[in-house]
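>
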Amino acid sequence: ESKTSTIASRNGGKLLKNKNSEILKLNSKGSPLIVGLTGKLKKLETNYLHIDIGNLVYEVYISFRTFEELKLCACSEITLFIYHSITERTQKLFGFLSESEREFFLLLRSLSGIGELTALRILSFLSIQELIQIVKYGDSRRLEKIPKIKGKTSEKILFEIKQNLKKFEAFFEGAPKVPQTEKNFDL
Numbered sequence: 530e531s532k533t534s535t536i537a538s539r540n541g542g543k544l545l546k547n548k549n550s551e552i553l554k555l556n557s558k559g560s561p562l563i564v565g566l567t568g569k570l571k572k573l574e575t576n577y578l579h580i581d582i583g584n585l586v587y588e589v590y591i592s593f594r595t596f597e598e599l600k601l602c603a604c605s606e607i608t609l610f611i612y613h614s615i616t617e618r619t620q621k622l623f624g625f626l627s628e629s630e631r632e633f634f635l636l637l638r639s640l641s642g643i644g645e646l647t648a649l650r651i652l653s654f655l656s657i658q659e660l661i662q663i664v665k666y667g668d669s670r671r672l673e674k675i676p677k678i679k680g681k682t683s684e685k686i687l688f689e690i691k692q693n694l695k696k697f698e699a700f701f702e703g704a705p706k707v708p709q710t711e712k713n714f715d716l
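In terms of the working numbering, the sequence shown is numbered consecutively and its last residue is 716.
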């Protein structure tokens, strides 16, 4: 029996699911990238978690929103959509409870000067709808309420998003709407 099985094909790459519940995507060089994990929540902190998928435990960076949702969940098993970051110096996993949340992270990450941790901080405190409103009104003070986003960083973020506002609005049109409840994190 094969240790992996093909579960889908998208954008020319194959998605594989192995016996450890890791969903792997073969990149252009044929190397697997983790795009999803299903397993038991072993540790939950405000900015990361540990997920046990059988014989492996992964550390995954998460947004504050994800932390809040998982803190309230009495789940025996969780599934995360993963962005697998590979650089010359390190590998990191970023986990999201929905595919649209991961896509929002990737959209933020695609902007010049916005790194993974900054994108995760923005995602922790703002929905796509809120971010679009902040950009339209040039409200850098509201953006600066996010930890570690001050002064020039907030101006850079506003500039980059304003330059790409059509992409964000198109994403918003296709994204599921977040109901306005007390669970939303108002700044």
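Backbone N, C-alpha and C fix where the C-beta goes; we use that ideal spot for every residue, glycine too.
(1) For LEU694, name the three-state secondary structure that DSSP assigns.
(2) Report yes if the CB atom of GLU628 is closer than 8 Å to the CB atom of PHE654, and no otherwise.
(3) Would you give the residue range spanned by the alpha helix (DSSP H) that LYS665 belongs to?
(4) Do GLU630 and LEU599 count as a contact pair if the criterion is CB distance below 8 Å?
(5) Once DSSP output is grouped into helix, strand and coil, what is the label at LYS681?
(6) Cα separation between GLY667 and THR682?
(7) What separation, rounded to the nearest whole angstrom, lies between the Cα atoms of ASN584 and GLY680?
(8) Run the CB neighbour count on VAL586, radius 10 Å, all protein chains shown included, and call it buried at 16 or more, exposed below.
(9) With LYS571 and SER605 assumed to form a contact (beta carbons below 8 Å), what rounded beta-carbon distance in angstroms separates them?
(10) Taking a contact to mean a Cβ-Cβ separation below 8 Å, would you say ILE563 touches ASN576 in this structure?
With the given structure in hand:
(1) helix
(2) no
(3) 657-666
(4) no
(5) helix
(6) 14 Å
(7) 45 Å
(8) exposed
(9) The Cβ separation is near 12 Å, so there is no contact.
(10) no
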